[in-house]
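Here's the structure, in structure tokens; my notes come after.
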Amino acid sequence: MQIELLDASHADQPTLTNLLQLYLYDLRDFGGPPPDAQGRFAPPSLDPYWSAPNHRAFLIRSGGELAGFALICRCSRLHTAFDGHVVAEFFVMRGCRRRGVGSAAAMRLFNMFPGRWEIATPVVNIPATAFWRSVSQRYTGGAYDEVWAQQDGWRGTIESFTAPGVGGS
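In this note's numbering, the protein residues as written are 46 to 214.
Here's what the structure looks like:
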């Protein structure tokens with residue numbers, strides 16, 4: 046199975062917006078906000094991913110077909126000054142889950158950007174917490190830290206580690 050992690054451009058915004066609807070629908074299981082009167086979810090703004098240098102958007106493809114997305118930034122929940130990357134949002138469509146698609150895409154992402162990484166997961170999203178623990182364990186061989194954080198109404202775990210990197214950004 047070929048997994049691709051492709052840089053998303055502004056031209057990919059409609060695709061990402063559509064995928065965000067599926068992502069936000071899934072988050073309803075974990076207390077995410079309901080849809081509006083027209084049945085649409087209010088996605089976060091994608092504008093920084095086209096204009097801010099510290100934000101990047103990626104599409105995930107599996108076997109050539111669209112499988113999800115990854116959004117990264119440099120906005121740490123743990124550190125005021127942070128020289129690293131954060132998984133802001135990460136989504137793999139249901140039909141592609143439990144097939145190694147998400148793990149492979151995440152590991153590619155870490156390899157593309159050497160240095161510190163943080164992945165924050167809300168306590169209520171138990172499947173995501175298990176996923177990120179597993180990925181962090183496999184990627185680092187167990188050399189990752191996990192801390193509990195609670196701030197500004199958010200509670201959950203944060204995995205952090207250093208990626209040696211094997212590719213360019």
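Ideal Cβ positions, reconstructed from N, Cα and C, are used throughout, including at glycine.
Pairwise C-alpha distance: residue j and residue i
{"i": "Asp52", "j": "Pro59", "result": "14 Å"}
{"i": "Thr62", "j": "Val132", "result": "18 Å"}
{"i": "Phe75", "j": "Pro167", "result": "9 Å"}
{"i": "Trp95", "j": "Ala208", "result": "25 Å"}
{"i": "Met138", "j": "Cys120", "result": "25 Å"}
{"i": "Arg142", "j": "Arg178", "result": "16 Å"}
Sequence-distant residues of the same chain with beta carbon closer than 6 Å to residue i, five excluded per side
{"i": "Glu134", "result": "Leu116"}
{"i": "Gln66", "result": "Phe86"}
{"i": "Arg101", "result": "Ile117"}
{"i": "Ser214", "result": "Annotation note: pLDDT 44 at Ser214 (below 50); position unreliable, no value reported."}
DSSP bridge partner residues for residue i (one or two, in chain order)
{"i": "Gly84", "result": "According to DSSP, which records beta bridges pairwise, Gly84 is partnered with nothing at all."}
{"i": "Ala208", "result": "Gly160"}
{"i": "Ala165", "result": "Ile203"}
{"i": "Leu72", "result": "Looking at the DSSP assignment, Leu72 forms no beta bridge with any residue, so it has no partner."}
Neighbourhood of residue i by C-beta, 8 Å cutoff - its chain only, sequence neighbours within 5 removed
{"i": "Ala56", "result": "none"}
C-beta atoms of residue i and residue j nearer than 7 Å
{"i": "Val180", "j": "Ala151", "result": "yes"}
{"i": "Thr174", "j": "Thr202", "result": "yes"}
{"i": "Ile105", "j": "Leu154", "result": "no"}
{"i": "Ile164", "j": "Glu204", "result": "yes"}
Integer Cβ distance of residue i from residue j, believed to fall under 8 Å
{"i": "Arg183", "j": "Met46", "result": "About 17 Å separates the two Cβ atoms, so there is no contact after all."}
{"i": "Ala194", "j": "Leu123", "result": "7 Å"}
{"i": "Leu69", "j": "Pro88", "result": "6 Å"}
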